[in-house]
Structures are given as structure tokens and as C-alpha cells.
Amino acid sequence: MISTNKIYTTIVIAVFTVLLSFQSYSQNWDIPANKSSKNSYIPFNNETAKAGEAIYTKNCQSCHGNPGKANSLKTLKPVPPDLSEKQTQSRTDGDLFYIITTGRVVMPSFKIVLSEEERWKVIAFIRSYNKSYVQVLSKTDPSKSKLVKIVLDFNAKNNKIRVYAKANEASGVVLLKDAEIMLFANRYFGKLQIDKTLTTNSEGYADFNFPKDLPGDKTGNIDIVVNVNDELYGEIEHQEKLNIGIPTDKPALNEQRAIWNTLLKAPIWIIVTYTSLILLVTLVLLYILNTLRKLKKIGDK
Amino acid sequence: MLDQSKKDKITSDLLGSIRLNYSFMIWMAFLVTSFSICIYAYITQLQNGLAVTGLGDYVSWGIYIANFVFFVATSLIGMLISAVLGLSGAKWAAPLARIAEIIALAFAAVAGLVIVSDMGRPERLIYVFIHARIQSPILWDVTVVTMYVLISALLLYLPLIPDLKICHDKLVKIPNYLRNFYKILSLNWNGSLEQEKIILQSTRILAILIVPVALAIHTVTSWLFASTTRVGWDSTIFGPYFVTGAFVSGCAAVIIAMFFYRNNYKLKDYITEKHFDKMGKLLVLVSLVYLYFNLNEFMVPGYKMKKGDAVHIHDLFAGSHALLFWSVQIFGLVIPILLLLFKKMRKPLPMLVIALFVLFGAWFKRYIIVVPTMEHPFLPIQNVPLNFRIYTPTLTESLITLAPIILVLIIITILSKLFPIIPVQETIDHLEESN
Amino acid sequence: MSEKEESPKKKSRREFLQDVGIVGVGSILAGSAIFAGINYDKKKKLGDRIKVLTAENELLEIDKNDATKVGKFKSQDLTFLQKQGREGIPGKRWVMVIDLSKCRNARKCMNACQGAHHLRPEQHHINVLKMQESKNTPPYYMPKPCQHCDNPPCVAVCPVDATFKRPDGIVLIDNERCIGCRFCIAACPYSARVFNWTEPLLNEDDKDKTYNVELNVPQRKGTVSKCLFSADRLRDGKLPYCVSACPNGVYYFGDENEDAVTNGTTKETVRLKKLLEENAGYRLMPELGTQPRVYYLPAKGKSYPFQDADKPEAEEHI
Chain D
-17 MISTNKIYTT
-7 IVIAVFTVLL
3 SFQSYSQNWD
13 IPANKSSKNS
23 YIPFNNETAK
33 AGEAIYTKNC
43 QSCHGNPGKA
53 NSLKTLKPVP
63 PDLSEKQTQS
73 RTDGDLFYII
83 TTGRVVMPSF
93 KIVLSEEERW
103 KVIAFIRSYN
113 KSYVQVLSKT
123 DPSKSKLVKI
133 VLDFNAKNNK
143 IRVYAKANEA
153 SGVVLLKDAE
163 IMLFANRYFG
173 KLQIDKTLTT
183 NSEGYADFNF
193 PKDLPGDKTG
203 NIDIVVNVND
213 ELYGEIEHQE
223 KLNIGIPTDK
233 PALNEQRAIW
243 NTLLKAPIWI
253 IVTYTSLILL
263 VTLVLLYILN
273 TLRKLKKIGD
283 K
Chain R
180 MLDQSKKDKI
190 TSDLLGSIRL
200 NYSFMIWMAF
210 LVTSFSICIY
220 AYITQLQNGL
230 AVTGLGDYVS
240 WGIYIANFVF
250 FVATSLIGML
260 ISAVLGLSGA
270 KWAAPLARIA
280 EIIALAFAAV
290 AGLVIVSDMG
300 RPERLIYVFI
310 HARIQSPILW
320 DVTVVTMYVL
330 ISALLLYLPL
340 IPDLKICHDK
350 LVKIPNYLRN
360 FYKILSLNWN
370 GSLEQEKIIL
380 QSTRILAILI
390 VPVALAIHTV
400 TSWLFASTTR
410 VGWDSTIFGP
420 YFVTGAFVSG
430 CAAVIIAMFF
440 YRNNYKLKDY
450 ITEKHFDKMG
460 KLLVLVSLVY
470 LYFNLNEFMV
480 PGYKMKKGDA
490 VHIHDLFAGS
500 HALLFWSVQI
510 FGLVIPILLL
520 LFKKMRKPLP
530 MLVIALFVLF
540 GAWFKRYIIV
550 VPTMEHPFLP
560 IQNVPLNFRI
570 YTPTLTESLI
580 TLAPIILVLI
590 IITILSKLFP
600 IIPVQETIDH
610 LEESN
Chain P
798 MSEKEESPKK
808 KSRREFLQDV
818 GIVGVGSILA
828 GSAIFAGINY
838 DKKKKLGDRI
848 KVLTAENELL
858 EIDKNDATKV
868 GKFKSQDLTF
878 LQKQGREGIP
888 GKRWVMVIDL
898 SKCRNARKCM
908 NACQGAHHLR
918 PEQHHINVLK
928 MQESKNTPPY
938 YMPKPCQHCD
948 NPPCVAVCPV
958 DATFKRPDGI
968 VLIDNERCIG
978 CRFCIAACPY
988 SARVFNWTEP
998 LLNEDDKDKT
1008 YNVELNVPQR
1018 KGTVSKCLFS
1028 ADRLRDGKLP
1038 YCVSACPNGV
1048 YYFGDENEDA
1058 VTNGTTKETV
1068 RLKKLLEENA
1078 GYRLMPELGT
1088 QPRVYYLPAK
1098 GKSYPFQDAD
1108 KPEAEEHI
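Set out below in C-alpha cells:
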């Protein structure tokens, strides 16, 4: 009896452990504390929620379904949660922002697809399904971003780009410390991130390792984009053309003479062989026709 | 010297076929009627697109292309008989030269039309000339087939000139326009030594020229396949494999034609059993060579069984095409060779039956070369309807395939009605020489 | 979801109308109207009268001084589109990377592609195949577009220069030139080409459209069609239809000269060489020497299971 009970208990514990571990698998996002506490500078209201809904329908609905309708795509592992459920709503705004931004396993990252503002609007839409939610606004003032000036300095010796971020306040120049900085090189379809996301040091700059082998245009120019995200000043974007890439001027892929190219770019041997064979046969045929003409002339006599 | 009465008999015997009779009328009526039915089938294809065929995105070449290869193949016989045998001094073949040349000309000329029936946009045929890319084997094919048609036509015409004069002189009962037609074509032939020399010399030049051109037409046709990387086509022996196969079907076609001309045109004294015997031996020879190339073509990949080859060979030897494959090899090649080794079998009637088997076998061999390969691409055939995986020719398609065959028969019939099928002057000359 | 499905087709038509009608003629009119308004007082003498065709097909007569040239009305011109299609986009070498570990056979790529190019359901410019190499190796899904080979066997055999390779690497077909011989279909080892056996699907709707080589629309009966790397979208700086339609991050597309490819789902841009190096990238049937411009990343650590229902079909090819 006791032993049966023991087995029973073990099974129950085991099942719970498994269930719990599943739970923790879907809960386990490893969100850094400073990200978790991040707040939106956009107020969550009807207007922003509505804007968020449009973004949600386009980017999230195919997997998560409609909030409250439990119609998410069940074939995925892990199954995408219904976002009106407690599992989601119990998270902080910073958590949700982090999850949307970075993605994981089957959840794609929306860091590049959606701007920060758009990501917050999606959260505004998700929060509209939570009646008990009260928003804590961030102290960021987006209008202050205009005061920030970004300066790039390339050091050819060690191939580093130093990015300075300063704000020209009325009271004087303020260095942006602990601001998040991302550096990108513009490519045809999007921005290629250089190095990783850094934060400015106490002197208001960050050093990025620039790759030595990144192709630029014909003269080696590359369009550099800097994204700064500061607690106080919000998002700042800066673009600049730098001559730090490998000059790239590759020939067109249909330049060489080849069997697959156009007639004008056919291999010489084929042109020579083909035309000479045609000429040869044509000449012989003409010769034969001429002898026939002669034959007729002889008969005329 | 041959006496005049014998000459006259030869002339009247050989010109005897040039007249309109009921059997010709009925035969032509039959041909023209069936041809118009086939043309109707082609009109539906023009209207509805190639969807009327059993072709799909995977098996995109079917019996039209097989037919094209067969046509080019059969036309090669002109070169073998009038050039190779002629130049090597095999006199027995001389009476057959014109039959072979007519077959060559008809098949080669119609081969071009066969290709047009396979085109999705036949109205753009002219683009092949104005936007030509000389790197494409299709262009080589168009070029050499055109050359071959021209040379074959000349090779048919030149030895015909003396006979045309005879036609004009002797056939007094025929309508005037026809006599004028013969007169114009005979180019004032007067039988002088000078003229004879010209004919002899020009024929010789053409006979030499036609050898490489004929080899080229079928080698290039084989390259339509061998220039791809597909399993079953990616072969270095495809050129000679096709050329030797061509002689087999060409010989069979000539034997069939010989049989019918001999019986219908009452030419038993001119196309003799000796000719059948010789043609039988020739067929054995070319069939053996072809068998040898078949052995190479299947033995080498069959021994290694590389991934794609294995699928292909399995399919031919034991799969969905096995019945056709073995029938063609056994009834179209092996048994004819064995039978023709016996002298008794090299008589006109048995040879007609054997030649028919060989000719049908030759046609289906082209099918075996074209279709199974297309059913086995490198990557799996998925997400398409079943009829894209397995090719079954439709009725419309079969009728359109039949059209050029009927057209060839029409051309051969008309040509052999217009001109003496056995060279008249040459037969007389030969007899004089031997006397 | 629904919008994603139908957007490519609608979008292409919408864009087409926008490009052709509104931008083309509309802006001539708008430009001239504004110009006329501003310059009305300054105008000194009357010039010649010229005729202008509006987007609504109305023929207007306006004063020549009032008109400003805002660009050539070129989108409707077949010759221009053919020339543009052959020239390609200078300085580019397009390249696609397909990450097999991400593909779960969602077929959004196939739908988007068929919608954009007005294809029938059995016509695939891109086809998601169920593959398996041997009994003991796992099955996987493999999207297969045209490989846009640098040594293209299909282009080599074309007798009329209807299919051609552009400077930027794309292999295109001009179906105003194609004679429908289907030699290219026979020559392609990747079975990438399809044929219009019947009247194409949306032929009625498309009959007034000018043929665009870079979109292969309208499709033409009796001609060959195949993947175009969405050459029309690339011109606008947009990713190909299939690439942007994928919900699973399977596709990367970019320019080899920039050493960068962008993921169609996450829009993340990564370095091509690094991506191939880190994931053991490879190309299909390298032994044929066709030099494809499409790279594959092996199906290592698949994020989706291979469906049981698809297993028999995958096994068939072993």
C-alpha cells in the first residue's frame, strides 16, 4: 500500500515537474533587469492601441491569432500564446518590448522590421485587453532628441569608429552617458549592423570595431547610420558617408565570351567554325549551280 | 552495242509508271483525306495551345520530337546509298539510288515541319533566322538540315537530267505543260560527252559533300539531347549511336519502298531479288553496328549504376517502359538480324515484313530515347498533377504526329509519279558497258 | 494573414496602376497644372498648343508654356521595358540564401509567387520539395526557385536569345521573343522552368497590360516562364515576392558585391560570407558546374518537424 502510494506520489511529482518545466520553458525569456523595467514614452490610449492593432494584424496575427479568441497557430513549438492571457499580461511593458525586439526560437525579432514607436504601439494594443492595467510612462522626452549631435571619427590604424553623442542644451553641452548606440552600414535591402550594440561611456562616446573587408561603392564609400537610444533624449538617427570600405567595381556577370552569352559575345571558335562551314557549303552549292548553267549553255549550241 | 528494241523496252518499262491511273488516284485521295484530318488536329492545337498534347512541364518533349529524330534518321539513307555505296563503286546499288534520294529528300524536308508542330509559337519561326544564336544546337540543326535538303535535292536532280530529256522525248501522250516542264528541267540535255562530264563531276562533288553534312544532321540532332546534363542523354557516344541507328531505319524504309515499287510499277526485272539480298545484308551490317552501340549505351552506365542512371536503367529494363524497350530491342533489332542471316529470309516478302518491324521499332526506339529521360529529372516531381509525371500521348497529338508521315508518303508518291524511279539512261549505259 | 496572402497579387496590380497611370500621366498633368498656376501672371506670350493624354484617357489641349516635363511616359513602352529588362541593375550581383532549417512548408512563398506572376496552381516558379537523401538521413523541405546559374545551361541552348543572363546575374525570359521550343526546359537540371500549355490564367484581365520582362506578366500562351528573382521588385529596392512572404525566416536575399543579404521575415541584414561560413552553405548539384546564385544552408537543428504525411513523398526520391 505504502509503496503504491509512493509510486503514485512520484508520478504526480514527476508530472508536475514536467509541466512546470514546460511552463518555465515558455516563461524563460532571460530578460535583463534594466530592460524589464523599461517603460514606454508613448501613452497607451485608444488612439495608440488602434494604430497598434494595424501593426499587429500585419505582423503578429498569423501566429498569435486574435487576442481573446484562442486561435493562435497550434502547430508551432512552443505554441504562441494568446496575448490577452495572463501569461502575457502579467509581464512588464519592458518585458514585452524586449520579447518583441529580440525574438526567440519561432518568434522572430522585430528589431528592424518595426521602429521603437511601432513596437510600443503594438504593446498599447495588447494592453487594451487588460482592464486592470495601469501604465507607467517613461521620462523620455522625444522632442529633446533634436538637441543631440552625433560625431563620427574613424581611426584607420585600428579600424575603429568612435561615435560621440552630445546634446546642445541651453545650459551648455551635455555628454550622453549610458546611451545605447548601434552602428549600421547601409546595404541595398537594409542596414547591416556593425559590431554589436554598445553604450556610451562616461565621456559620451563608444568605439566600434569596423570590419576591414566590408565592400563599399566604386570609390569605397559606405553610408553609415548611427542609432542612439537615450533614456532622456529618446531615439536619434544620424547618417554619414565615410570612405572606409573596400572599393568594389566587379565586372558584369555577362561580360565574358561564353557559349551561353548573346550572339555578339559568342566564343570566337564557334563563330569562326560556323561561318566558315556555311561559307564552304554555300560556295560548293554555287559552284554546282554554275556548272548547271554551263551545262545548259552547251545544250544551247 | 545494245540493239534499239532492247533500249526501247527498258525505256518504256521504266517510264511506264509515269501516267495517271485509278490506283494512284485512290491512293492519293486516301492520303489527302487522312492528311486533312491531321491538319484539322493541328488547327485545334494552334487554337488551344500545346495543352491538347499529353505534354507537361516535366515531360515537355514527347512524340513530336521522337518523330523529328525518326525523320532525320530515315533521311540519312540517301547519303549511305548514293554517296557511300556510289563512291565505293558498288554498282548493284545504282538502281536504288533514286529511291533512296527521294526518301532522303522527303524525310529531310518534312523534318523541318515536324519541329514546327512542336513549337509553342510557330508564327515566330522567322525569329530563328533574325535573332539566331549560333551557340544553340537548334540553330546548327536548322542549318545542316537545310544544307542536307539542298544537297539531296541536287543529288536527286543531277542524275535525273538525262532521264528528263528522255521523258520529254518519249512521253508524247502526256499534257503539253508536263512535257514543257520536263524540257525546262532537262536543261537542253543533248547527251554530249562534255555535258556527261559535267554531270559526273558535279554528282561526285555533291556525293563527297553530302557525307559530312549527313553525318552532321544526325550528330547535331543527337546533340539536342547530349548537350544537356540529363540522365540517359548525357552521353559521349550519342552522335555515332544516332547515326548508326539512322542507317537501320533508312535501310528498312528503302526496302519497303523497293517492295512496293517493284510490285506496283512492275519493275521485277530492274529491282531484282539480288537487290533485296544485298539490301538484306546491308541491313544486317548496319544493325550489328547499331547493336554494338546499344550495348555501349546501356552497358556502361548499367555497370556503374550511378544514382540517376540507376533510376533510368531500372525503368527501361524492368520498369514502366520495359515492355516497349525490350520489344524494340528484340523485335526491331535482334530478331531481324538473326532472320536476315538466312538467305531464305532475304526474299522480297519476308524482307518487307522484317523491314516493317525494323521501321516501327526504329520509331519507338526514338520514343524510348526521348520520353523516359524526361520522366526522371534530377529533382523530384512534386506538387503537380499526375499527368505531369507520366506522359501519355493524346489522340490529337498522335494525329499531328501522323501528319508528316502522310506528307512524306504524298511527296514520295508524287515524285515517283513525275520521275522514273529507276534511272533510265544509267540502266542503259550500264547494260552497254557490261555487254 | 489574409492580407499577406493576397497582397502580392493586388499590390502588383496596384503598383502597376500607380506607376503607369498616376505617376506617369497624372504627374505630367499635376505638374503642368501647378506650373501653370504659379506662372500664370509671369507668362509673357502664348506658345504652341500641345495635346496631353490624361490617365482617364481624355485628350486635353494645353499651352506648351504651361506644361512641364516631369519624366518620360515610359512604363507603357514595350521596347523600353525589354531594354531595361536586359540591362538589369548595374553594379549588382543578386544572390539568394535559403535556410533549410527554418522551412516548415508553409508555402506562403509559392502563393505569393503564383499571385504575382499570374500562374496556374500547377505552375511553380518556386516549388517547396520534400527531400530525403537516404533511408537514415532525415527528410526536409527544400524551396527550389530558379538557381540563376552563372553558367546557365538553359540560356546556352536558346536558339533565339529569348532567355538571357543579365549583368546582375538574373536569368530572364522575354516571352515576346520565345518561340516555345522548350529546349531550355530540357536543358535545365533543376526543373525550374514551366510552360504555358494553355491560355494563361489571368489573360482576360491582363490583355491591356504592356508586357513587362521583369515580371513576365502578362504570361503568354506557348512560351516558357520561370522565377525572375522578382526583378521588378529589386528595381524598387524591395525584396522578392517569395522572400518577403515567408513567415519563417527561410530566405535571405541581397547583393554579393555588398557582401550582404537581408532576411525577408526579420529584415535583418547579415554578411553573406559569414552566413555561409557559419552555416556550411552549399549549392545544388555543384558537380554540374552550373554555378548557381542560390545558396542553401543545411537543415541542421530544424525549428519545425517534418510532417508525417509528407514522408512517403520524400522517400520516393531515395
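Order-wise, the sequence lines are chains D, R and P. My numbering numbers the first residue of the first sequence as -17 and each following residue consecutively. My numbering numbers the first residue of the second sequence as 180 and each following residue consecutively. My numbering numbers the first residue of the third sequence as 798 and each following residue consecutively. We treat Cβ as the ideally placed atom computed from N, Cα and C, and that holds for glycine.
CB-CB length for Thr322(R) against Ile282(R), believed under 8 angstroms: On the second sequence, position 143 is the one that residue 322(R) refers to. On the second sequence, position 103 is the one that residue 282(R) refers to. So it is not a contact: roughly 22 angstroms between Cβ atoms.
Short-range partners of chain P found in the segment 158 to 189 of chain D, where Cβ spacing is below 7 angstroms: Arg169, Tyr170, Phe171, Gly172, Lys173, Leu174
Spatial distance of Ile548(R) from Ile242(R) (CA atoms): As a working mapping, residue 548(R) is identified with position 369 in the second sequence. As a working mapping, residue 242(R) is identified with position 63 in the second sequence. Rounded to the nearest angstrom, the two C-alpha atoms are 11 angstroms apart.
Check whether Ala31(D) and Phe92(D) have beta carbons under 8 angstroms apart: Within the first sequence, the letter at position 49 stands for residue 31(D). Within the first sequence, the letter at position 110 stands for residue 92(D). Their beta carbons are not under 8 angstroms apart, which means Ala31(D) does not touch Phe92(D) by this criterion.
Interface residues of the segment 217 to 230 of chain R facing chain P [CB-CB below 9 angstroms]: Asn227, Gly228, Leu229, Ala230
N- and C-terminal bounds of the alpha helix (DSSP H) containing Pro527(R): Indexing the second sequence from 1 puts residue 527(R) at position 348. Here the alpha helix (DSSP H) through Pro527(R) covers 527 to 554.
Collapsed DSSP secondary structure at Lys148(D) in the structure displayed: The count along the first sequence starts at 1 and reaches residue 148(D) at position 166. Strand.
Beta-carbon contacts of Ile340(R) that lie in its chain and below 7 angstroms, excluding the five residues immediately before and after: Walking along the second sequence from the start, residue 340(R) turns up at place 161. Once the five neighbours on either side are set aside, the close Cβ partners of Ile340(R) are Ser365, Leu366, Trp368, Ile378.
Rounded separation between Glu973(P) and Asn1009(P) - CA only: Stepping through the third sequence from its first residue, residue 973(P) is reached at position 176. Stepping through the third sequence from its first residue, residue 1009(P) is reached at position 212. Glu973(P) and Asn1009(P): Cα-Cα distance of roughly 10 angstroms.
Beta-carbon separation (whole angstroms), Val1067(P) vs Pro942(P), contact threshold 8 angstroms: In the third sequence, the residue the question calls residue 1067(P) occupies position 270. In the third sequence, the residue the question calls residue 942(P) occupies position 145. Val1067(P) to Pro942(P), Cβ: 20 angstroms. No contact.
Segment contact, 8 angstroms Cβ cut-off, at least three pairs: the segment 123 to 136 of chain D with the segment 1087 to 1104 of chain P: no
Chain-order list of residues whose beta-carbon lies under 6 angstroms from that of Ser1027(P) (same chain, five-residue window excluded): Indexing the third sequence from 1 puts residue 1027(P) at position 230. Within the same chain, Ser1027(P) has close Cβ partners Pro1037, Tyr1038.
C-beta contact flag for Leu519(R) and Val463(R) at 8 angstroms: Locating residue 519(R) in the second sequence gives position 340, where the first residue counts as 1. Locating residue 463(R) in the second sequence gives position 284, where the first residue counts as 1. Yes.
Proximity below 8 angstroms, CB of Glu1110(P) to CB of Lys905(P): To locate residue 1110(P), count along the third sequence from 1; it is residue 313. To locate residue 905(P), count along the third sequence from 1; it is residue 108. No; because the gap between Cβ atoms is not below 8 angstroms, this pair is not in contact.
Segment contact, 8 angstroms Cβ cut-off, at least three pairs: the segment 584 to 595 of chain R with the segment 218 to 235 of chain R: no
Coil, strand or helix - Asn1060(P) by DSSP: Here residue 1060(P) corresponds to residue number 263 of the third sequence, with the count starting at 1. In this structure, Asn1060(P) counts as strand in the three-state DSSP scheme.
Pair within 8 angstroms by beta-carbon distance, Val954(P) and Val1058(P): Here residue 954(P) is taken as the residue at index 157 of the third sequence, counted from 1. Here residue 1058(P) is taken as the residue at index 261 of the third sequence, counted from 1. Their beta carbons are not under 8 angstroms apart, which means Val954(P) does not touch Val1058(P) by this criterion.
Span separating the alpha-carbon of Ala234(D) from that of Gly1034(P): By 1-based counting over the first sequence, the position of residue 234(D) is 252. By 1-based counting over the third sequence, the position of residue 1034(P) is 237. Distance between the alpha carbons of Ala234(D) and Gly1034(P): 19 angstroms.
Selection from Asn442(R), Tyr444(R), Asp448(R), Ile509(R) that minimises the alpha carbon distance to Leu470(R): The residue labelled residue 470(R) in the question sits at position 291 within the second sequence. Nearest C-alpha to Leu470(R): Ile509(R).
Every unbroken alpha helix (DSSP H) inside the segment 340 to 421 of chain R [4 residues or more]: 340 to 349, 355 to 364, 372 to 405
Cβ pair Pro274(R), Thr571(R) closer than 8 angstroms: Along the second sequence, read from residue 1 onward, the residue named residue 274(R) stands at position 95. Along the second sequence, read from residue 1 onward, the residue named residue 571(R) stands at position 392. No, the Cβ-Cβ distance between Pro274(R) and Thr571(R) is not below 8 angstroms.
Under 9 angstroms by beta carbon: chain P residues contacting Val289(R): Position 110 of the second sequence holds residue 289(R). Under the 9 angstroms cutoff, chain P gives no residues; its nearest Cβ is about 18 angstroms from Val289(R).
Environment of Leu461(R) [buried if 16+ CB atoms lie within 10 Å]: As a working mapping, residue 461(R) is identified with position 282 in the second sequence. Answer is buried; the Cβ neighbour count reaches 16.
For His491(R), the three-state DSSP class (helix, strand or coil): As a working note, residue 491(R) is residue 312 in the second sequence. Of the three classes helix, strand and coil, the one that applies to His491(R) here is helix, per DSSP.
Min CB distance Gln1104(P) to chain R below 8 angstroms: Here residue 1104(P) refers to the residue found at position 307 of the third sequence. No - not a single Cβ of chain R is within 8 angstroms of the one on Gln1104(P).
N-terminal and C-terminal residue of the beta strand (DSSP E) that Tyr1093(P) is part of: As a first step, residue 1093(P) must be located in the third sequence, where it is residue number 296. 1091 to 1094 is the extent of the beta strand (DSSP E) around Tyr1093(P).
In DSSP terms, what Thr960(P) is bridged to: The residue you call residue 960(P) lines up with position 163 of the third sequence. Paired residue(s): Ile970(P).
Buried or exposed by the 16-neighbour rule on C-beta atoms within 10 Å, applied to Ser239(R): Here residue 239(R) is taken as the residue at index 60 of the second sequence, counted from 1. So Ser239(R) counts as buried.
Cross-strand partners of Tyr657(R) (DSSP beta bridge): There is no way to answer for residue 657(R), as the model of chain R reaches only from 180 to 614.
Within-8 angstroms CB hit, Tyr256(D) to chain R: Residue numbering aside, residue 256(D) sits at position 274 when the first sequence is read from its first letter. Yes, because at least one Cβ of chain R sits closer than 8 angstroms to the Cβ of Tyr256(D).
Nearest candidate by alpha-carbon position, reference Asn16(D), set Val133(D), Ala161(D), Ser127(D), Leu165(D): In the first sequence, the residue the question calls residue 16(D) occupies position 34. With distances taken between Cα atoms, Asn16(D) lies closest to Ala161(D).
For Met928(P), the three-state DSSP class (helix, strand or coil): Position 131 of the third sequence, counting from 1, holds the residue named residue 928(P). Strand.
Residue-chain proximity (Val925(P), chain D), Cβ-Cβ < 8 angstroms: Your numbering for residue 925(P) matches position 128 in the third sequence. No, its Cβ sits nowhere closer than 8 angstroms to a Cβ of chain D.
Proximity winner among Gly1086(P), Cys1043(P), Ala913(P), relative to Asn41(D) (alpha-carbon distances): One-based indexing of the first sequence puts residue 41(D) at position 59. Checked all of Gly1086(P), Cys1043(P), Ala913(P); the closest Cα to Asn41(D) is Cys1043(P).
Three-way DSSP call (helix, strand, coil) for Leu193(R) in this model: By 1-based counting over the second sequence, the position of residue 193(R) is 14. Leu193(R) falls in the helix class under three-state DSSP.
Min CB distance Ile492(R) to chain P below 8 angstroms: Counting from one through the second sequence, the residue named residue 492(R) turns up at place 313. Not an interface residue.
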